[in-house]
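Everything in the sequence shown is counted per the numbering used here, starting at 8 for the first residue and increasing by one.
Presented below is the structure to which this report refers.
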Amino acid sequence: MAGKTYVETFDAGPGGWFSWAGHSKNVPLQIENGVAVSRSPWAIDSNHAPPGAGYLHLLFVLPTADLTELPQETRGFSGPNRFVEGGFPVDFTNAKITVRLKGEVESKGAKLVLLVQGNVGDRTINYVLTGRPLEVAPEWSEQTLTLIPDLRRWTCLGARYDLLDFYGWGDIADVLRNVNVDIIFVLFTPDVTPLPAIDGDHHRLRPQIDYPIDESKLPQGVVMMDKVVIEFRSK
8 MAGKTYVETF DAGPGGWFSW AGHSKNVPLQ IENGVAVSRS PWAIDSNHAP
58 PGAGYLHLLF VLPTADLTEL PQETRGFSGP NRFVEGGFPV DFTNAKITVR
108 LKGEVESKGA KLVLLVQGNV GDRTINYVLT GRPLEVAPEW SEQTLTLIPD
158 LRRWTCLGAR YDLLDFYGWG DIADVLRNVN VDIIFVLFTP DVTPLPAIDG
208 DHHRLRPQID YPIDESKLPQ GVVMMDKVVI EFRSK
């Protein structure tokens with residue numbers, strides 16, 4: 008049975024969405040003629056480096072619940088969050104997310120996927136929908152994701168070695184029942200190769216901060232999104 012439906016077209020501004028330019032560097036969502044746009048170069052999120060599942064580029068971010076955790080500056084430039092203010096649920100179990108997007112990306116092996124993030128117990132758990140990547144093509148298309156709690160469709164991101172007390176591993180069903188942090192459209196996982204090579208485990212360091220990387224191995228291009236629809240299932 009159908010429940011509430013969230014619709015964002017970006018015609019009236021970001022609606023609570025924003026972009027990301029590095030750790031502790033949220034930035035305004037770029038909107039051009041009612042279309043959300045994300046262009047490379049993209050910063051690298053290393054919070055889930057091995058022993059986690061890998062690295063990320065964060066393109067489009069929507070907080071889903073407690074906005075008090077956001078910096079005041081971010082709350083300012085992201086504008087009124089129409090998801091939170093609309094009272095939409097954080098139970099995404101079996102929800103359908105339809106996006107209208109286009110772009111041109113030299114992916115270098117990374118895939119555009121949905122990330123869901125929620126608190127389970129004393130850990131924050133992240134999953135990416137690797138079983139259903141979104142296609143980025145030069146022409147507009149509408150693509151629908153169904154958030155079924157089937158582990159075969161999802162990859163848990165876990166945590167890098169020094170964030171094991173914050174991020175973690177858990178059951179996708181528990182996360183989908185309480186996506187109370189955010190949803191993000193991400194590129195997973197970019198090839199992070201030190202240049203020049205370094206001794207030891209480079210995953211214990213922060214790429215682009217502690218050491219330079221081979222930028223030629225990273226995805227390049229542009230992704231444009233002009234509509235996001237989330238159809239929730241009623242209980």
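Cβ coordinates follow ideal geometry from the N, Cα and C atoms, glycine included.
- The segment 8 to 27 and the segment 127 to 136 do not touch, with fewer than three beta-carbon pairs separated by less than 8 Å.
- In the structure shown, Q215 adopts coil according to DSSP, grouped into three states.
- Between V97 and T81, the gap from beta carbon to beta carbon reaches 7 Å or more.
- If the five residues before and after A180 are omitted, its C-beta is found closer than 6 Å to the C-beta atoms of P156, all from its own chain and listed in chain order.
- By the Cβ criterion, the segment 188 to 198 is in contact with the segment 111 to 131, since at least three pairs of Cβ atoms, one from each stretch, lie closer than 8 Å.
- Counting only residues of its own chain and dropping the five nearest sequence neighbours on each side, E15 has a CB closer than 6 Å to the CB of G22 and V235.
- A distance below 6 Å between beta-carbons, with the five flanking residues on each side excluded, links Q124 to the following residues of its chain, in chain order: N133, V188 and D189.
- Annotation for F84: the continuous alpha helix (DSSP H) segment containing it runs Q79 to S85.
- The count of Cβ pairs closer than 8 Å, one atom from the segment 49 to 65 and one from the segment 163 to 178, reaches three, so the stretches are in contact.
- Linking K224 to S241 through their CA atoms gives a straight-line distance of about 44 Å.
- Taking 7 Å as the cut-off, the beta carbon of K115 is found closer than this to the beta carbon of P226.
- With a cutoff of 7 Å on beta-carbon distance, V106 and Q150 are scored as near each other.
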